[in-house]
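Student: Supplied in structure tokens, the structure appears directly below.
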Amino acid sequence: MSKSWSSRKRGDWKDLNRWLGRGKTIYIVRTPEYAGNSALWNHPRYWVAHTCTGEHPLLGGWIFDKSPTTTLESLFSLGDGTIYDAPPAGIPHVSDPGPDCRDEGLYGIGRGQEFKGNLQDGEMEMRRLGWEARDRAKADRKSGVRKGWW
């Protein structure tokens, strides 16, 4: 059974400080804040690992990943204030591959299927849009309507 420490429990801070040592790894479960309503790879949470690399040369206290700014205080603020001593079961690591999405979406190809679309149509559309943009820019330079945003 893995041990956990929380910033909301009295005495957990001291217990974690006693448990930590050079080379020990702690694990933090995080919720992606950058993804909005959609979670990372359809998972609502993921975990990250930080290895204790020593003590801060000036301030004391443990530092992680050879960075004097990655301290125990900064790690407690991540992941809702809970730190674990083992990787959590059932939660993917931040670098684990996402699900296979070939069957999903409007243009899902399907497993074992070949793409049956015409790639040249898309290429011609991109060329046409490029030509239109070039002609529009040339006409604007000639008429002096748009001089630029600066």
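Each residue of the sequence shown is one higher than the one before, starting from 43 at the first, in my numbering. Just so it is clear, CB atoms sit at the ideal spot from N, CA and C, and this is done for glycine as well.
1. Across which residues does DSSP place residue 124 in a beta bridge pair?
2. Are residue 123 and residue 44 closer than 7 angstroms when you measure CB to CB?
3. Confirm, please, whether the CB-CB distance from residue 110 to residue 98 is below 7 angstroms.
4. For residue 169, name the three-state secondary structure that DSSP assigns.
5. Give every residue of the same chain whose Cβ lies closer than 8 angstroms to the Cβ of residue 79, excluding the five residues on either side of it in the sequence, and list them in chain order.
6. Counting beta carbon pairs with one atom in the region 111-120 and one in the region 63-77, are three or more of them shorter than 8 angstroms?
Tutor: In terms of the structure at hand:
1. 48
2. no
3. yes
4. helix
5. With a pLDDT of only 49 at residue 79, under the threshold of 50, the placement of this residue in the model should not be trusted, and no figure is reported.
6. yes
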